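Colleague:
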């Protein structure tokens, strides 16, 4: 029985993008106090689902 080879594409998947964002935020807030974290997050762009929908993410693929 032969195993199938998984071809790695050059495109970054959504999951990989989210992991990169998580890792970046984790490094950014690593040594911050609670007050510094509040200030950091208040200055960041929103990741609220309505912002995703405006960007075209989470929309239905139906015609």
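In the numbering used here, the protein residues as written are 1045 to 1107. Note that beta-carbon positions come from the ideal geometry of N, C-alpha and C, so glycine has one too. Note that this is a predicted model, so its numbers are computed, not measured.
Roughly how many angstroms separate the alpha carbons of residue 1072 and residue 1061, rounded to a whole number?
Modeller: 17 Å
Colleague: Give the secondary structure of residue 1060 by DSSP, where H, G and I count as helix, E and B as strand, and everything else as coil.
Modeller: helix
Colleague: From which residue to which residue does the alpha helix (DSSP H) around residue 1083 run?
Modeller: 1078–1087
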